[in-house]
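Novice:
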Amino acid sequence: MDAATEQRSDHALMLAVRDGELDALGELFERHHGPLFGFLVKLTGDHAAAEDIAQTVFQRMLKYRHTYRNDGSLTAWMYHLARRCAADHFRKANAAPYATDPEDLQAHADDSPHAAERAAVRDDHALLHTALGRLDRDDREVLLLARFQELSFAEVAGILECSVGAAKVRAHRALRELRDIYFQLQKETLP
Amino acid sequence: MNCQNAREIFPELLDHRTAATAHLEARTHLAGCPDCQREFSALSQTLAALDAMPNPAPTPRLRQNFYAMLEEEKNSAASVRAVAAREQHARRASLWRWVLSPAAAAALLALGYLAGIRSAPAPLPTTTDNSVALRNEVVDLRKKVEAMGQLVGYTALLQQQQLPANARLRGVLTSARQENPDQGGINDLIGSLLLDPSTNVRLRALDALYPHADQEVVRAGVLASLPREQNPLVQVHMIDFLAASRDPEAAAALEKLSVSETADSSVREAARRALTEL
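Protein sequence lines correspond, in order, to chains A and B.
Just so we're aligned, residue 11 is where the first sequence starts under the numbering used here, counting upward by one.
Just so we're aligned, residue 1364 is where the second sequence starts under the numbering used here, counting upward by one.
#1: Determine, for B/PRO1685, whether the minimum Cβ-Cβ distance to residues of chain A falls below 8 angstroms.
#2: With respect to the alpha helix (DSSP H) encompassing B/ARG1567, which residues constitute its N-terminal and C-terminal limits?
#3: State the Cα-Cα distance for the pair A/LEU142 and B/ARG1567, rounded to the nearest angstrom.
#4: Are the beta-carbon atoms belonging to B/ARG1424 and B/CYS1399 less than 8 angstroms from one another?
#5: Quick one: does A/LYS52 have its CB under 8 angstroms from some CB of chain B?
#6: Going by the CB atoms, is the gap between B/GLU1402 and A/LEU32 shorter than 8 angstroms?
#7: Under the assumption that A/GLY175 contacts A/ALA86 (Cβ atoms under 8 angstroms), give the Cβ distance between them as a whole number of angstroms.
#8: Whose C-beta lies closer than 8 angstroms to the C-beta of A/PHE47 among residues of the same chain, with five residues either side of it excluded?
#9: Give the interface partners of B/PHE1373 over in chain A, defined as CB-CB distance under 8 angstroms, in chain order.
#10: Does chain B have any CB closer than 8 angstroms to the CB of A/LEU155?
#11: In terms of alpha-carbon separation, which member of B/GLY1584, B/ASN1438, B/ILE1553, B/CYS1366 lies closest to B/GLU1612?
#12: Which residues, in chain order, does the segment 75-90 of chain A contribute to contact with chain B at a C-beta distance below 7 angstroms?
#13: Compute the distance between the beta-carbons of B/ARG1609 and B/LEU1641, then report whether it is under 8 angstroms.
#14: Could you tell me the alpha carbon to alpha carbon distance between A/VAL166 and A/ALA156, rounded to whole angstroms?
#15: Measure the CB-CB distance between A/ALA7 and A/VAL51 and report whether it falls below 8 angstroms.
#16: Is it buried or exposed for A/LEU200, if we count other Cβ within 10 angstroms and need 16 for buried?
#17: Using a threshold of 8 angstroms, state whether the C-beta atoms of A/ALA96 and A/THR54 are closer than that.
#18: Indicate the three-state DSSP secondary structure (helix, strand or coil) for B/CYS1399 in the structure shown.
#19: How would you call B/GLU1592, buried or exposed, if buried means at least 16 neighbouring beta carbons within 10 angstroms?
#20: Is there a Cβ of chain B sitting closer than 8 angstroms to that of A/ARG147, yes or no?
#21: Chain B partners of A/ASP56, CB-CB under 8 angstroms?
#22: Are there 16 or more other CB atoms within 10 angstroms of the CB of B/HIS1379, so buried, or fewer, so exposed?
#23: Comparing the C-beta of B/LEU1514 with each C-beta of chain A, is any distance below 8 angstroms?
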């Protein structure tokens, strides 16, 4: 990456892509594919699906580059596309969006005789992963977007197509819901 | 401040971006209320766990696929520029032909006019009725000519449809490669979107129209094609196009589709989503 590219903001790079400098999308990919993939993994609970969706997001950025606006925010636009791609994925899958079945965890916690498995179930990440899976998809989505530090609440509200106040209320309600499930799972998995 | 009021401030207190400026009274209440402290602590602990969740890395496949896609698009864009440059060169080469042809036509017209004046019999006295009748006749003739022109256009389009799908697809791709197609090229793309029996050709035509979404005639063409379209995939793409071009004229058609029982569920959902974006 040369110094000139390093100095260009996301917005400037996307404007360059829009104006025909397609290589600039490579730089945007390098900057954003990691956090985008992380968001999609947490949203879908499925690594393969998250990769497919991330790929589709960048495809659409290229395809719809003519619609990117001068006054836009690249991150907000990208996550707006990601949300729509994820919705398409869930519609196509037409199945439970989360790979981890919460019932499996219960079964493990109650029945597994192996200490290693019990330890894994008690692992905070695994518990939270399962708790996220039990949330409604809309709640999971708003919570993940709200905790995504690169987005302001105004941008989150823009992505969710609601007011800033409504986005904050929805995010907090989702957090309380997650807290209840998470703590309940902790109690259930105590030895 | 009571517990309920204090808890309404919790979202700001829990977000480090706003915690510093959050309500002082809420902080004071929190410091002295064990119930709120427990609630706050549980939420804070959940958020900490959420933030600490590791971000998994994608496999190398994602990067490989992305750069393959980017390369393909760049090649496509480069071939578009090459074709456009060749066509521009051809246009320049035939410039003289275009300059001389109208001049020759004008000269012939002038000659015909002079010959007509010399050889024509003396004009009969005209009446107002005669001139009205003549004007009506001219209007009728003009309408007939326009109708014939439209008929010729539709006939050409229908003849094109007798070609194999591959040939029609090539025609659409040729129009798509022109960076600044003339109105005829845009009309051909809209015609293909409206009438072509092949889903692939219609999708390609729609893709080719994207760069011209700022033209009213293009948006009107896509909007007119939407009610005729039966394939949900193309319908969803058309809806995305209308949403992306922010065409308020599309609202009525989208509302109708969003509640249509005969439309595919993906189409209804796309229409509802598009309505929120308009």
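By construction, the Cβ of each residue, glycine as well, lies at the ideal position given by its N, Cα and C atoms.
Computed from a predicted model, the values in this text were never measured in an experiment.
Specialist: Working from what's here:
#1: It is not possible to answer for residue 1685 of chain B, since the shown part of chain B is limited to 1364 through 1641.
#2: 1562-1572
#3: 40 angstroms
#4: no
#5: yes
#6: no
#7: Between A/ALA86 and A/GLY175 the Cβ distance is about 18 angstroms, and since that is not below 8 angstroms, they are no contact.
#8: ALA60, GLU61, ALA64
#9: HIS182
#10: no
#11: B/GLY1584
#12: HIS76, THR77
#13: yes
#14: 7 angstroms
#15: With chain A represented from 11 up to 201, any question about residue 7 of chain A goes unanswered, as that position is not in the structure.
#16: exposed
#17: yes
#18: helix
#19: buried
#20: no
#21: Going along chain B, no residue has its Cβ under 8 angstroms from A/ASP56, so there is no contact; the nearest lies around 11 angstroms.
#22: exposed
#23: Low confidence applies to B/LEU1514: its pLDDT is 48, below 50, so where it sits in the model is not reliable, and the reading given next is rough at best. No - not a single Cβ of chain A is within 8 angstroms of the one on B/LEU1514.
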